[in-house]
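Below is one structure, written out as structure tokens, with a few remarks after it.
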Amino acid sequence: MKYALLALTLLAGCAAPLAKDGLGYRDTTALIGATARYDADRFAGAWVVRGSFALDAPDRVALVDSTGGPAFQLCDDAGTCEALWLATATGQGRYALTQPDGTPRDLWVLWVDEGFRTAVVGNPAGDFGWILDRKPTGGADRITAAREILDFNGYDISQLRMRK
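Residues 147 to 310 (the numbering used here) are what the sequence shown spells out, left to right.
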């Protein structure tokens, strides 16, 4: 029993660290990068959230033009859009967001397929990550690639919740 407890303690010490506050979904020591393929005009419009880490992720996301400039609009499947995160571009595929309550959050486009049908967004803090797609079904090969991108960027994909 004593050795089993020691073994568990040692294994716990080997676990990949998540965000400093313990609320993240990625190893923050892993390298992460935004895609060089990003094009804001092609990325604009509606996306379905096909996979996410947090239970409270929106059903749909859209990059829109708002009166305050570019923004990410978060909506549910019923079409109710309650959140508008104002976005300031900080680099290629990188945004500094201001959530409705004033809380800042970074959003990076980690990957998008060549046809801009499937994308992966997240951030270095690892406090969220989404697989986005233009359609609610299909594209299994692209969804598989998106999962691999999250894994490559240090996300713990065992915590990823895929929507059906």
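Heads up, the beta-carbon is just placed ideally off N, CA and C, and yes, glycines get one too.
If I measure Cβ to Cβ from residue i and keep anything under 6 Å in the same chain, skipping five residues before and after, which residues do I get?
i           : result
residue 280 : 263
residue 179 : none
residue 259 : 288
residue 243 : 231, 233, 251 and 253
With DSSP run on the structure shown, which of helix, strand or coil describes residue i?
i           : result
residue 277 : strand
residue 252 : strand
residue 201 : coil
residue 294 : helix
residue 183 : coil
residue 219 : strand
By how many angstroms is the C-alpha of residue j removed from the C-alpha of residue i?
i           : j           : result
residue 167 : residue 197 : Only weak support exists for where residue 167 lies, its pLDDT of 45 falling under 50; the coordinates are left without a value.
residue 199 : residue 274 : 6 Å
residue 308 : residue 282 : 11 Å
residue 173 : residue 284 : 29 Å
residue 302 : residue 266 : 14 Å
residue 204 : residue 276 : 10 Å
residue 261 : residue 293 : 18 Å
Can a CB atom of chain D be found closer than 8 Å to the CB of residue i?
i           : result
residue 231 : Structure shown: chain D not included; a single protein chain is present.
Using a threshold of 7 Å, is the CB atom of residue i nearer than that to any non-hydrogen atom of the ligand SAM?
i           : result
residue 210 : Looking for the ligand SAM in the displayed structure turns up nothing, as the structure carries no ligands at all.
Going by beta carbon distance, what residues of the same chain come within less than 8 Å of residue i, once the five residues before and after it are set aside?
i           : result
residue 300 : 162, 172, 173, 174, 175, 176, 177, 178 and 272
| request: Inspect the CB distances between the segment 211-231 and the segment 287-306 and report whether three or more fall short of 8 Å. | output: no
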